[in-house]
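In this note's numbering, the protein residues as written are 233 to 333.
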């Protein structure tokens with residue numbers, strides 16, 4: 233079973249983005265898990281929100297950015313025997329992401 237986490241960083245301020253609402257959905261759009269980032273800007277999906285290999289998933293953030301009020305990242309896990317970590321780096325007019333470890 234695959235687990236999932238994220239880490240949201242405010243790149244302009246150089247600190248974690250706390251209290252950011254996060255929603256993880258499956259291919260059919262059903263919500264698998266949701267919550268908010270903690271004081272370190274981290275959020276971990278509960279074990280019940282297992283990812284499925286080869287299936288499209290989406291992580292959506294409601295951000296404090298005035299230009300990007302919402303960031304949605306679609307991803308397709310290749311394996312279910314590993315942890316998936318997808319960080320989000322935010323600034324007022326840009327964002328970046330990658331597959332972390």
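Note that CB positions come from ideal geometry on N, CA and C, so glycine has one too. Predicted, not measured: the structure shown is a model, and the values here were computed from it.
Here the alpha carbon of residue 266 sits roughly 12 Å from the alpha carbon of residue 236. Counting C-beta pairs with one atom in each stretch, the segment 271 to 284 and the segment 238 to 257 have three or more that are closer than 8 Å, which means they touch. Boundaries of the beta strand (DSSP E) around residue 302: 302 to 307. Using a 10 angstroms sphere on the CB of residue 240, the tally of other CB atoms reaches 16 or more, which defines it as buried. Excluding residues up to 5 positions away in sequence, 319 lie with their Cβ nearer than 7 Å to the Cβ of residue 330 in the same chain. Counting along the chain, the unbroken beta strand (DSSP E) around residue 293 starts and ends at 289 to 294. When rounded, the separation of the alpha-carbon atoms in residue 293 and residue 279 is 20 Å.
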